[in-house]
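K.L.:
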Amino acid sequence: MKTKLNRRNFLSLASAFAAGCATKEIAFPAITAVRSPNGLCRHACIGTGNMAWGDINSFRSHPKIEMAAFCDVDANYLARVRKEFPKAHFYSDWRELLEKEGDAIDSMNVSIPDHHHVGVAAAAMRAHKHVYVQKPLCKTLHESEFLRKLARESGVVTQLGAQFNAMLSDRQTVEMLKTQALGPVEHVYYFSTRKGLSRRRRELPVAAPVPESLNWDLWLGTAAVRPYAPKVYHPLIWRIWRDLGSGWIGDIGCHLMSAVWRGMELNDLAPIDVFAETETAADPAVKDLVWPTAAHIVWNMPGVKASGGKPFQMEWFDGCSDADLLSPAQYRPPAEIDAFFGETPAKKRPYEGKAIKCRDGWILQPHASAAAFIRRNDGAPMKAPKLPKCPSHFHEFIDSCLEGRTAAADFGWSTYMMETILVGQVAERLPGTKLAWNAGKRAFGNAAADAFLTRPYRAGWEIPGLS
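See the structure below:
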């Protein structure tokens, strides 16, 4: 990537920004912007199937992007993008893409299974590529801190893939929280109660030959070697395995939590403690290797301005609410929330969303909806604020790359939100145990919980600075 910065200037600016961000500054201003001769952002896509295909179509619609390179370990997925983008370059190994493309690309999106995220994102930032990483950002608290520090040092544009940041209902929630339209926040309820593939019973995988189209070793990456099993790992069910995916809260938590984090301006806030209860439908042989099929997590949070200085709670519910797969009541949101949504134009509580209890009423936000709803305690009518249109989360990232400015879900704050989710995931591994989290010491003070602060990386896939 050609820029006006030489190495000396780059390191000087990086040091200055690192010093500035070491205090309460939690957004990292980008110090490099795209300077390609044709004025386009030359972009590489890591992953091309399923969610990644949706990301590709979202990025390609930007008027100032050049879709320059693609990478996928499955040749069948790669064949589709070859047809769509015949002038691009194609790879099966993201490490080869970074090595060979060099200055030919400006930015990358990482839209592959969770266990790959930190390795690809770190390599991209070290190569001074702007990076968009799908949620969840990483798998451990150590990885989150590592990525935050690396983002600060590299000075590139970073974006967590919480794309609903740009939708009206999320932005309305942010605005109402920032202005305290209903007074201080007292309690936040998040829920994701649909069926989904991750509800299925966890069973012992049955090994099968690896398809000719798939490079299984590259797909495993940092994860431990295991036999390939169809319809278990690739392409979708990897989410349920602890060492590959991040469970239900890893899949949806960043989406639901981000508007609250931004609106309450939680910045680098950390939980005081966390507690979880879980239910897991699984064969005994794999029960300790998988994420639960239902969970309830409670975080106690310290007081902030948006909560009137008082401590507040956040709760997560991900039990199924469909009658044919109904989870016990403790894994579903309280009945009063169902009743409140029933009074809105939606007529019933959605499968996914949030309910924010404030002093003077409730903000009720269906996930991915066109608008948030308001329920005042005094019954007075109140509408969500009207807001101007804004670019999509994907376009906003490319705009930030072109202009050298901080993106909306910059790692400066989103890594702290990610850490609250990760604290909850550790609690899911130790259900029934209340865990205190010491953010200053970066530890729980509980040996069983502290064992999950890091994870092993397969030989040959170590990550510099982490391994």
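Numbering (this note's numbering), first residue to last: 906 to 1372. Just so it is clear, CB atoms sit at the ideal spot from N, CA and C, and this is done for glycine as well.
I believe residue 1232 touches residue 1153 by the beta-carbon criterion, under 8 Å. Please report the beta-carbon distance rounded to the nearest angstrom.
P.N.:
Going by Cβ atoms, the distance from residue 1232 to residue 1153 rounds to 11 Å, so no, they are not a contact pair.
K.L.:
Among residues of its own chain, excluding the 5 on either side of residue 1204, which ones have a beta-carbon nearer than 6 Å to its beta-carbon?
P.N.:
Contacts found: 1176, 1179, 1219.
K.L.:
Quick check: what's the CA-CA separation for residue 1144 versus residue 1174?
P.N.:
The straight-line gap from Cα to Cα measures roughly 27 Å.
K.L.:
Find out if the Cβ-Cβ distance for the pair residue 1315, residue 938 is shorter than 8 Å.
P.N.:
Cβ atoms of residue 1315 and residue 938: not closer than 8 Å.
K.L.:
On the criterion of 16 or more Cβ atoms from any shown chain inside 10 Å, does residue 1223 qualify as buried, or is it exposed?
P.N.:
When all chains shown are included, residue 1223 counts as buried.
K.L.:
Which whole runs of the alpha helix (DSSP H) in the segment 1289–1327 are 4 residues long or more, in chain order?
P.N.:
The qualifying runs are 1298–1308.
K.L.:
Taking the runs of the beta strand (DSSP E) that are 3 residues or longer, which of them lie wholly in the segment 1040–1068?
P.N.:
Taking only runs of at least 3 residues, the beta strand (DSSP E) segments lying wholly in the segment 1040–1068 are 1063–1066.
K.L.:
Would you kindly check if the distance between the Cβ of residue 1159 and the Cβ of residue 1326 is under 8 Å?
P.N.:
Closer than 8 Å, so yes.
K.L.:
Measuring straight from C-alpha to C-alpha, what distance separates residue 1279 and residue 943?
P.N.:
So the alpha carbons of these two residues sit roughly 47 Å apart.
K.L.:
How would you call residue 962, buried or exposed, if buried means at least 16 neighbouring beta carbons within 10 angstroms?
P.N.:
Exposed.
K.L.:
Jot down the residue ranges of each uninterrupted alpha helix (DSSP H) in the segment 1214–1287, minimum 4 residues, whole runs only, in chain order.
P.N.:
Runs of the alpha helix (DSSP H) inside the segment 1214–1287: 1240–1247.
K.L.:
Can you tell me which of the three DSSP states residue 1196 falls into?
P.N.:
Correct three-state label for residue 1196: coil.
K.L.:
So, using beta-carbon positions, are residue 1363 and residue 1046 closer together than 8 Å?
P.N.:
No, these two residues do not count as a Cβ contact at 8 Å.
K.L.:
Could you give the C-beta distance for residue 1155 and residue 1041, rounded to a whole number, given that I count them as a contact under 8 Å?
P.N.:
So it is a contact: roughly 4 Å between Cβ atoms.
K.L.:
Starting from residue 1183, follow the beta strand (DSSP E) in both directions and report where the run begins and ends.
P.N.:
Element bounds for residue 1183: 1178–1184.
K.L.:
According to DSSP, what are the bridge partners of residue 994?
P.N.:
BP columns for residue 994 point to 974.
K.L.:
Mind checking who residue 1187 pairs with in its DSSP beta bridge?
P.N.:
Per DSSP, 1107.
K.L.:
Taking a contact to mean a Cβ-Cβ separation below 8 Å, would you say residue 1142 touches residue 1102 in this structure?
P.N.:
Result yes, Cβ atoms of residue 1142 and residue 1102 sit closer than 8 Å.
K.L.:
Using beta-carbon positions only, say whether residue 1011 and residue 1035 come within less than 8 Å of one another.
P.N.:
Yes, Cβ-Cβ distance for residue 1011 and residue 1035 is below 8 Å.
K.L.:
Which whole-angstrom value is the C-beta distance of residue 1191 and residue 1107, which I expect to be below 8 Å?
P.N.:
About 5 Å; that satisfies the 8 Å criterion.
K.L.:
Starting from the Cα of residue 1252, find the closest Cα among 1243, 1268, 973 and give me that residue.
P.N.:
With distances taken between Cα atoms, residue 1252 lies closest to 1243.
K.L.:
Starting from residue 1163, trace the alpha helix (DSSP H) in both directions and tell me its first and last residue.
P.N.:
Run containing residue 1163: 1152–1168, per the alpha helix (DSSP H) assignment.
K.L.:
Residue 1245 to residue 1254, Cα distance in whole Å?
P.N.:
Going from the Cα of residue 1245 to the Cα of residue 1254 covers about 8 Å.
K.L.:
So who's on the other strand from residue 979, going by DSSP bridges?
P.N.:
1119.
K.L.:
I believe residue 1228 touches residue 1200 by the beta-carbon criterion, under 8 Å. Please report the beta-carbon distance rounded to the nearest angstrom.
P.N.:
That belief does not hold up - the Cβ atoms of residue 1228 and residue 1200 are roughly 20 Å apart, past 8 Å.
K.L.:
Can you confirm whether residue 1258, when its beta carbon is compared against all beta carbons of chain C, has any partner nearer than 8 Å?
P.N.:
Absence of chain C from the displayed structure is noted, only one protein chain being present.
K.L.:
With respect to the beta strand (DSSP E) encompassing residue 1013, which residues constitute its N-terminal and C-terminal limits?
P.N.:
Residue 1013 -> beta strand (DSSP E) spans 1012–1015.
K.L.:
If you follow the alpha helix (DSSP H) that residue 949 is part of, which residue opens it and which one closes it?
P.N.:
Not the alpha helix (DSSP H): residue 949 falls in the beta strand (DSSP E), residues 946–951.
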